[in-house]
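Going by the UniProt record's numbering, the first residue of the sequence shown is number 1, and it counts up by one from there. One structure below.
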Amino acid sequence: MSRAYEEAMERRRDAYVAQALGISIDTLDDYPFDLDENASDDGVVYGWRVLWNEEAPPGVDANGTSGLLWSDIPAAPDEPEEDDYDA
Numbered sequence: 001m002s003r004a005y006e007e008a009m010e011r012r013r014d015a016y017v018a019q020a021l022g023i024s025i026d027t028l029d030d031y032p033f034d035l036d037e038n039a040s041d042d043g044v045v046y047g048w049r050v051l052w053n054e055e056a057p058p059g060v061d062a063n064g065t066s067g068l069l070w071s072d073i074p075a076a077p078d079e080p081e082e083d084d085y086d087a
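This is how it looks when you write it as structure tokens:
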């Protein structure tokens, strides 16, 4: 994959995460995170867990304790698989 494609996919992911959390992309950019997939053994994605590196943005529902915070968001409907773009 090209670097431009990877950056576009990251921007798209960030836009979805921000929308699902009810915050702006600018706010999300200030709070580093990783995503963990909640999926079945056969690959059906049920949702995503946003793992906050330090703290969650103000107003975002977060679970856990300081330093170990996460927020759950639903899977995007009809989200294309990354493999669909390989051609």
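C-beta atoms are modelled at their ideal positions from N, C-alpha and C, and glycine is treated no differently. If you're wondering where the values come from, they're calculated on a predicted model, not measured in any experiment.
Does the distance from the CB of residue i to the CB of residue j come in under 8 Å?
| i | j | result |
| --- | --- | --- |
| residue 88 | Trp-52 | The chain is shown only over 1 to 87; residue 88 falls outside these bounds and no answer can be derived. |
Comparing C-alpha positions only, which one of the options sits nearest to residue i?
| i | options | result |
| --- | --- | --- |
| Tyr-46 | Glu-10, Ala-76, Tyr-5 and Arg-13 | Ala-76 |
| Pro-74 | Glu-7, Pro-57, Leu-35 and Gly-67 | Leu-35 |
| Ile-25 | Leu-69, Pro-57, Ala-39 and Ser-66 | Pro-57 |
Pull up the distance between the alpha-carbon of residue i and that of residue j, whole angstroms please.
| i | j | result |
| --- | --- | --- |
| Ile-23 | Val-60 | 8 Å |
| Thr-27 | Val-17 | 11 Å |
| residue 126 | Phe-33 | Since the displayed the chain opens at 1 and closes at 87, residue 126 lies outside it and no answer follows. |
| Ser-71 | Ser-2 | 30 Å |
| Asp-42 | Glu-10 | 25 Å |
| Glu-6 | Thr-65 | 32 Å |
| Arg-12 | Ser-40 | 24 Å |
Can you have a look at residue i and say buried or exposed, based on whether 16 or more other CB atoms are within 10 angstroms of its CB?
| i | result |
| --- | --- |
| Leu-68 | exposed |
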